[in-house]
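Residues 16 to 590 in my numbering are what the sequence shown spells out, letter by letter.
The structure under discussion appears below in the form of structure tokens.
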Amino acid sequence: MIAPLHPRHLLWLGAVALALPQTAGAAAPEVSIEIEDDDAPASSPVPKTTPAPTSPKTSPPQTSAPPPTATTPKTSPAPTTRDPRAASEIDAVPDTEPTVESAPIEPAPTPAQPDPEITALREQLAAVQARLQTVEDERRQEKSEQSQQEKKRRTPFVRVGNVGRAEIAPTHVGFGPGAGLSQWGVRLSGYIQSQYQWSQLSEDQIQQGGATLNQNRFMVRRGRLRVSGDWRWAAFDFELDGSTTRGPFVGVRQANVSFVWRNPDAARPPYLMVTAGLTEAPFGHELRLGQREMMFMERSLGSLAFFPGPVDVGLRVRGGVAAFRYDLAIMNGTPLDDRAGARNTTDPTRAPDYIGRFGFAARPGKHALSGGVSLLYGTGFHRGSEATKNRLEWSDLNENGAIDTGELVAVPGQAATPSLNFRRWAVGADFQVGLRSKAGWTQILAEGTIASNLDRDLIVADPVVVGADLRELHGYVAVIQELFGRAVVGGRYDYYDPNTDLLDRRRGEFVPKAAAIHTISPIVGALLPPTWIPGVRGRLVFQYDAVLDALGRDSRGVPANLKNDQFIVRLQGEF
């Protein structure tokens with residue numbers, strides 16, 4: 016087998032051809048040239064080729080074609096290179112004209128077949144190169160991911176997760192979280208609730224003490240501006256509230272700082288979040304929602320009676336693992352009323368209130384499930400009376416403007432009575448279901464609470480005055496349906512009994528009295544699509560409250576339904 020010529024050999028042969036004399040009819044001397052094949056194995060012998068003498072009129076002998084896998088440049092009829100090992104032999108040949116002899120032309124040799132070993136080695140080399148390229152690509156991708164993770168660790172802003180996987184509560188129907196303005200982890204947001212309300216209790220009169228009875232008016236229920244910070248290990252919230260509910264008023268709605276141990280997935284709740292300051296009380300479902308997120312105008316009646324305001328000052332610990340959620344707090348026990356001009360006082364007792372909720376939240380497919388059990392244990396306060404002096408009172412019985420016999424009464428002074436504490440507690444359960452359809456989210460919300468001595472706003476519970484503990488019962492069921500992101504309809508039934516053991520005196524006998532208050536609240540509203548005005552969201556909602564109770568009296572003095580229905584039209588916008 017004739018080995019293919021190396022380009023280096025062809026150059027040497029070309030040099031030899033130029034050095035030889037170009038004499039017509041002269042035959043080339045017989046020269047033996049040894050060519051080494053670099054690609055051949057070291058053990059295989061290298062054959063020597065001896066070109067046959069040719070006549071001047073004959074064409075130069077044809078060389079063997081290289082194998083298909085080797086690349087051999089095309090050569091001219093005259094050789095252009097020579098083997099360095101044969102250079103001395105060629106130079107020693109005398110420059111004489113040899114005798115011209117006729118020699119038969121040898122047929123062209125058969126193309127050499129590729130060596131199987133070389134072919135196997137080339138295939139292995141190609142496989143190694145492909146593997147090397149794959150490893151380099153993997154290393155390049157790994158370095159890119161490491162650089163991205165390093166960049167995330169360096170940035171102070173944590174909310175860089177996949178927002179599409181964020182856990183959205185079932186109550187976020189048609190509205191969702193606000194956009195806000197964010198920079199370096201600090202976010203500025205806000206919303207305004209302007210509304211008109213009408214009530215059957217409205218009168219153009221003044222109540223004892225100077226308060227007006229008119230409730231038909233335009234008002235700004237809430238106008239809030241919030242600044243929040245969110246970093247890897249820390250967070251804070253500061254929110255101002257402006258309202259005209261009881262006259263123009265601006266106050267602090269939230270002010271707290273938090274230490275956060277986050278879940279690696281930014282869309283999941285943190286493992287641990289410790290918050291200190293003014294924050295929401297973790298009881299039930301409604302109380303933990305922001306007023307911006309609520310589709311109904313206000314919380315249910317029982318929730319408003321138990322907690323005049325949703326926020327209190329204390330220490331709060333919350334978080335979650337997988338579907339489990341926990342939220343615990345130690346607070347003063349005096350919720351701050353978020354209504355403008357409300358009478359907010361400091362906590363009169365040294366003992367704090369202990370509040371907690373254990374629950375779950377899951378998103379199986381297009382559905383959403385959440386719920387939990389809430390507990391509260393605290394201390395109530397009965398305010399004592401101050402000491403009084405002896406005094407003389409005049410009662411004009413005949414209304415003649417003169418002091419007559421029997422109209423002067425001596426009232427002796429009394430010693431001060433001490434303040435007393437009493438225990439209060441509550442146990443509640445809540446459950447929420449969200450179903451996703453072509454029309455949008457369908458929500459079913461339910462919550463129930465049984466409590467003792469916890470009413471602090473509507474009919475204030477004071478067992479020291481009554482002489483026995485008061486039991487309260489509260490519950491509601493609500494359904495909300497989103498309509499293609501453009502409208503929302505729904506309704507809520509609310510039940511609240513401020514004293515399940517209430518007795519009424521009739522004809523000298525005590526009989527059970529029904530003090531429960533039933534409220535039916537249908538709503539209908541229109542939603543502003545978030546894509547219409549970038550960064551701005553809004554809604555217009557109408558709610559009617561049909562109130563059924565036994566707080567009134569008929570002409571015979573029998574308890575009857577009090578006419579106290581109302582409706583509210585609210586326009587809400589946020590950024």
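Beta carbons are placed, not taken as given, at the ideal position from N, Cα and C, and that holds for glycine.
- Taking 8 Å as the cut-off, the beta carbon of G567 is found closer than this to the beta carbon of L577.
- When secondary structure is reduced to three states using DSSP, Q156 falls in the helix class.
- Secondary-structure assignment with DSSP links T394 through a beta bridge to R438.
- Closest option to N347, judged by alpha-carbon separation, among D512, R314, R331: R331.
- Contiguous beta strand (DSSP E) elements confined to the segment 291 to 317 do not occur, taking only those with 3 or more residues.
- The three-state secondary structure of L140, taken from DSSP, is helix.
- The C-alpha of G329 lies about 11 Å from the C-alpha of A270.
- Here F373 has Y341, G387, V388 as same chain residues with Cβ atoms under 7 Å from its own Cβ, once five neighbours each way along the sequence are excluded.
- For S570, the three-state secondary structure derived from DSSP is coil.
- Annotation for P478: no beta strand (DSSP E) segment contains it, though the alpha helix (DSSP H) segment containing it runs 478 to 481.
- In summary, H382 is exposed, with fewer than 16 beta-carbon neighbours lying within 10 Å of its beta-carbon over all protein chains present.
- Annotation: F499 to Y369 spans about 42 Å, alpha carbon to alpha carbon.
- Under DSSP, Y286 shares a beta bridge with no residue.
- Looking at the DSSP output, T534 sits in a beta bridge with D509, V562.
- Counting along the chain, the unbroken beta strand (DSSP E) around I207 starts and ends at 201 to 214.
- Rounded to the nearest angstrom, the Cβ distance from Q558 to M309 is 11 Å, too far for a contact under 8 Å.
- Annotation: the continuous beta strand (DSSP E) that includes L407 extends over 406 to 409.
- When DSSP reads this structure, P527 sits in a beta bridge with L518.
- Annotation: V475 to G393 spans about 15 Å, alpha carbon to alpha carbon.
- A296 places its beta carbon 8 Å or farther from that of S273.
- Taking G371 as reference, the option from H300, S243, P363 with the minimal CA-CA separation is H300.
- For the 8 Å CB-CB criterion, D245 and R202 form a contact.
- In the DSSP assignment, W456 falls within the beta strand (DSSP E) that extends over 456 to 467.
- Cβ-Cβ distances below 6 Å link A425 to L407 in the same chain, with the five nearest sequence neighbours on each side left out; the list follows chain order.
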